[in-house]
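See below for the structure under consideration.
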Amino acid sequence: MTAHSYRPNIWQRLHIDLPLLLGILALMCFGLFVIYSAGGEDIALMERQLVRIGLSLAIMLFVAQINPEVFRRWAFPIYIAGIVLLLGVHFFGEINKGARRWLNLGFMEFQPSELIKLAFPITMAWYISKFPLPPKKRYLAGAGVLLLVPTLLIAKQPDLGTSILVAASGIFVLFLSGMSWAIVGSFVGGVLAMLPVLWFFLMHDYQRTRVLTLLDPEKDPLGAGYHIIQSKIAIGSGGLWGKGWLDGTQSQLEFLPERHTDFIFAVIGEEFGLIGSLLLLALYLYVIGRGLVIATRAQTSFARLLAGSITLTFFVYIFVNIGMVSGILPVVGVPLPLISYGGTSMLTLMTGFGILMSIHTHRRFVDR
Amino acid sequence: MAPRKRMAMHNHAAEASLFKRRAIFTFICVVVLLCILFTNLYQLQILSYTDYETRSNDNRIRVVPVAPSRGLIYDRHGQLLAENQPFFSLELIPEKVTDVASTLDALNEVIEISNDERENLLEALKYHRRFKPITVKNRLTEEQVAAFSVNQHRFPGFSIDAGLKRHYPYNGLMTHVLGYVGRINNRDQAALQSAGLWKNYAATNDIGKQGIEKFYENLLHGTPGHLEEEVNNRGRTIRTLKSVAPIPGQDIHLTLDLQLQKKAMELLDGRRGSIVAIDPRDGGILAMVSSPTYDPNQFVHGISSKAYGELLNSRSRPLINRSTQGQYAPASTVKPHMALLGLEDKVVTAKTRVWDPGFWQIPNVDHKYRDWKRWGHGWVDVNGALVHSCDTYFYDLAYKTGIDKMSHFMLQFGFGERTGVDIFEESAGIMPSREWKRAKYNQPWYIGDTISVGIGQGYWTTTPLQLANSTAILANNGQRFVPHLLKSVENDTTKVDTLIDEMPPLELKDPRNWEIINSAMKDTAHKSRFVDAGYTAAMKTGTAQVFTVAEDEKYDADTIDEHLRDNALIIAYAPYESPKIVLAVVLENAGWGGANAGPVARALLDEYILRDESPTVTAGAPNNDRP
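Chains A and B, in that order, are what the protein sequence lines are.
If you use the UniProt record's numbering, the first sequence corresponds to residues 1 to 368, in order.
If you use the UniProt record's numbering, the second sequence corresponds to residues 1 to 627, in order.
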């Protein structure tokens, strides 16, 4: 950045961060190959995914054009609107697969929790960055309220995966803001102390089953343990180099459930082996690294916290999904970001990357 | 508070550096967590690779066993006695048929589907996997197969499945020899499991249940092959990965002579009884008939419980193999053996004469043991005693010999012990002794018991096979074989003769005694039944009491119940000079042995000895000519 050029290049004028975009596109291409294999070489499925990718790239590009100031200004009203919609879901939502997550808007189905996923970190960053950092303890009460309301509403739907992502995005803002280690320590302690309460009072039976299944999947190999056993068999049988693209028996012969959506990582492990998995992890690490670079180079605390939170939330997706598919975390409905087939999460993620690009490309290069 | 908050100033440089430190910290956390994921993947994909690879293959590879075809059974001249016939059944794959009921209606116009078959199918469909074939109708005739085949395009999802089922072309002719195959039941399964053979039967439906089919199951069954199929999560076959062909069971040739067997069955003519014919030169069984018989084919396809009940409860006991399980008093047919014992034991000589007044009494006892001829035979020597079947001579002989010697001597002729013939259905019969009676009835042996046994009555029982075998030993001058049915086994293309199980010969102190007895039997034959035979033969008849007649009563066949009438027996062999065939005939409740069993023996020996010598008949078999 020696140039501090006042003549921005083509990418800057398009508000695109090329290194980030290349990482994202590499992941999406990888994803397309895997979906082609996992989806049984279904061309129609590929077309739908391509449309989604195109749409989400367009949205990313659009969001990148918006000045971060705009997000900051609109964050809280959108957050409030999101909460209202969540309450609406709570009372009027469509029930699908035993969970109340969707609002039927007549022309489309809409998941308010996805809106919160975006609005909440912005709101949190807005709230925290109003104060000098590190934040004083007394501001944390407000932050706690901001965090708990959407998290609990989403957890109640129930959608544990999303509520974890939402809570994490808020916690990252607080942590990155420089919250004292004492508070971080007591928070971690508090969460650990909450676990029994969570287990006995807040979790649904099916969620408890998932945790128990994680500990001993072989107990019910054809029932609760089936997903995780088949997934581990797929990954393990991939070995170092994998069985080859389109040659994964666990996936091609349909032993692996949810193979083109939440469990797509097992297909990667099976067909591309440890090498393929490592390549994927490297790509993810690259995108995260780039996100954190963007965050540290941002010029305002708001932008830094927001960019950091978005990047780390992206990592939570990765960790929770791969952890669940490879059998070290309980099964929660979190897709493998930018790889899994499916629209909503990709749109949300790409909006997040649009914000990152907006932050990075709207810096004012003034000598200080 | 509020005003102070507003007054608070942002220190941008400090905030930026604080953020940077936190960002670096989180990045390190991210790297550490990714390492944890990687370590877990390394554990799964490298350290536990073989384990998961095995489990993955277990998931996808299904090994489908393929049944071997069962070995065929031939007679000694290569006539097919048990074959495998194509068996057609109509099957359907449920998922390919949308409306089973209406399709069955349409199908009924092509092949008749009974209401039972229809109901069974509709019921079975409820519990059946949708892509697996299910049987609609069994045992299709060739006409039905043809009728369906031309209409097959109208019934997608329906197909004809062909398999092989055992078929016995001669039906009941040798059921008791061949036995039959039937569905493997729990008992068979347990037996196979304990023998470690169960894995060979994974694809096999039927197993030998009786007779040769059971005894030589291991030869006949063969070794199964298998297909390795790749299947998906619903068990549907995707493709075949590997196929190993089954090794068919071995074909076996029996010592039976089909023509003689047919003749024997014809001669029994539905009467209750048994005929056993043995080639004395090697112990091979030429014919073994038990009558009445039943059709083994009905067991192959699963006999109805009604039909089975009828067989089981029939008074004439068709399920029993009379030849090896029927226990009959040998009566006078064992007089040659007894006479031989007398000569051997020097109780009598060839010249010793006994006066027969028509009865015999134990010294100082009043009870009279009657001869069959009320007025007696007068003076008889051993030859006369055999030719006329003089009871008195043998009462006296038995009295003088005693049960201990009799029992010991007769054991050497195979009485009272299983012969070891190669079918499992065999009884030992009873050769009584003091110990036997003590064990069985807890009673001492009485002299009277000895007298009855001396004429082959009393406690003495024998199977027709034992009787034939003992006759073969007589005809062979003591050379003994284990009677057997298996002649040879086909290995690939060569026939391998089975080893003949020769037993140590029965040796007499004075071998000349053989000739005295055998020539007496020849005289018996040629002074009666074989007087006009075109060859030389030897024989001895017997008439066994089933019903004890009181001392002064007269036995009258017409007045007593058929099941209590005498059994007619005969033993015979021919040619006398170099015996090729020995036989024993038992006709239950037929009356006099000479009159009733005699013609059967004569006709059978005529058939065998006088039949046009076809080149295949026991060519090259050694003749042990009589000295």
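Even glycine gets a Cβ: it sits at the ideal position worked out from N, Cα and C.
Exposure of residue i, with buried meaning 16 or more beta-carbon neighbours within 10 Å
i        : result
B/Val496 : exposed
B/Trp445 : buried
B/Gln210 : buried
A/Ile95  : exposed
A/Ala298 : buried
B/Asn442 : exposed
A/Asn321 : buried
B/Asn513 : buried
A/Val166 : buried
A/Ser251 : buried
Reference residue i, options the options, closest by Cα
i        : options                                   : result
A/Ala295 : A/Gln157, A/Ile275 and A/Ala307           : A/Ala307
B/Asp105 : B/Lys132, B/Ile61 and B/Arg154            : B/Arg154
B/Val244 : B/Met539, B/Val63 and B/Leu37             : B/Val63
A/Leu283 : A/Ile318, A/Glu258, A/Gln299 and A/Ser309 : A/Ile318
B/Asn491 : B/His337, B/Gly542, B/Glu515 and B/Ile247 : B/Ile247
B/His337 : B/Ile278, B/Gln250, B/Asn218 and B/Ser470 : B/Ser470
B/Leu485 : B/Pro363, B/Ala277 and B/Thr204           : B/Ala277
B/Pro579 : B/His176, B/Gly283, B/Pro133 and B/Cys35  : B/Gly283
B/Ile516 : B/Pro504, B/Val489, B/Glu344 and B/Leu605 : B/Glu344
B/Pro280 : B/Met503, B/Arg55 and B/Thr524            : B/Met503
B/Asp116 : B/Lys137, B/Trp360 and B/Pro224           : B/Lys137
B/Glu217 : B/Val231, B/Ala191, B/Lys242 and B/Asn232 : B/Ala191
A/Ser345 : A/Ile288, A/Ile268, A/Thr261 and A/His362 : A/Thr261
Through-space distance from residue j to residue i, alpha-carbon basis
i                      : j        : result
B/Ala601               : B/Ser528 : 12 Å
B/Ala101               : B/Gly222 : 41 Å
A/Gly323               : A/Arg290 : 23 Å
residue 677 of chain B : A/Glu254 : The structure shown does not extend to residue 677 of chain B, since chain B is modelled only from 1 through 627, so no value can be given for it.
A/Met60                : B/Lys96  : 49 Å
B/Ile275               : B/Leu583 : 7 Å
B/Ala329               : B/His367 : 22 Å
B/Met521               : B/Thr494 : 42 Å
A/Leu147               : B/Ala16  : 24 Å
B/Val334               : B/Gly456 : 6 Å
A/Ile80                : A/Glu218 : 45 Å
B/Glu562               : B/Ser389 : 25 Å
residue 388 of chain A : B/Glu229 : The structure shown does not extend to residue 388 of chain A, since chain A spans only 1 to 368, so no value can be given for it.
A/Trp11                : A/Asp17  : 7 Å
A/Arg73                : A/Gly225 : 47 Å
B/Gln85                : B/Leu107 : 25 Å
B/Ala468               : B/Ala428 : 14 Å
B/Thr463               : B/Glu123 : 50 Å
B/Met431               : B/Thr419 : 13 Å
A/Pro257               : A/Ile154 : 25 Å
A/Arg259               : A/Ala266 : 7 Å
B/Trp379               : B/Trp355 : 4 Å
A/Ala141               : A/Leu198 : 21 Å
Cutoff 9 Å: residue i Cβ touching any chain D Cβ
i        : result
B/Lys242 : In the structure shown, chain D does not exist; the protein chains are A and B.
Looking at C-beta atoms only, is the number of pairs between the stretch 402-421 of chain B and the stretch 192-205 of chain B that lie closer than 8 Å three or more? no
Can you give, in chain order, each stretch of the alpha helix (DSSP H) that sits fully within the stretch 262-332 of chain B and has at least 4 residues? 297-300, 305-313 and 322-325
What runs of the beta strand (DSSP E), each 3 residues or longer, lie entirely inside the stretch 504-582 of chain B? 538-544 and 567-574
Length at least 4, wholly inside the stretch 20-92 of chain B: the alpha helix (DSSP H) runs in chain order: If one requires a minimum length of 4 residues, the alpha helix (DSSP H) runs lying completely within the stretch 20-92 of chain B are 49-60, in chain order.
Of all the alpha helix (DSSP H) runs that stay within the bounds of the stretch 327-414 of chain B, which reach a length of 4 or more residues? Taken in chain order, the complete alpha helix (DSSP H) segments of 4 residues or longer contained in the stretch 327-414 of chain B are 335-344, 382-387, 391-401 and 403-411.
Is there contact between the stretch 282-294 of chain B and the stretch 231-239 of chain B, where contact requires at least three CB pairs shorter than 8 Å? Cβ pair count under 8 Å is below three, so no.
Alpha helix (DSSP H) runs contained entirely in the stretch 101-145 of chain B, provided each spans 4 or more residues: 115-125
Between the stretch 563-582 of chain B and the stretch 528-539 of chain B, do three or more beta carbon pairs fall short of 8 Å? Segments in contact, yes.
Does the structure place the stretch 107-123 of chain A close enough to the stretch 178-193 of chain A that three or more beta carbon pairs sit under 8 Å? no
At least 3 beta-carbon pairs within less than 8 Å: the stretch 273-288 of chain A vs the stretch 232-247 of chain A: yes
Across the stretch 430-437 of chain B and the stretch 313-323 of chain B, are there enough close Cβ pairs to call them in contact, namely three or more that are closer than 8 Å? Verdict: no, contact absent.
Sequence ranges, alpha helix (DSSP H) only - wholly within the stretch 79-133 of chain A, length at least 4: 112-129
Validate contact between the stretch 55-72 of chain A and the stretch 84-94 of chain A using beta carbons, cut 8 Å, 3 pairs: no
Residue ranges of each beta strand (DSSP E) run of no fewer than 3 residues wholly in the stretch 137-203 of chain A, ordered along the chain? none
Tell me whether the stretch 582-599 of chain B and the stretch 267-274 of chain B touch, counting them as touching only if at least three CB pairs, one residue from each stretch, are closer than 8 Å. yes
Which whole runs of the beta strand (DSSP E) in the stretch 3-64 of chain A are 3 residues long or more, in chain order? none
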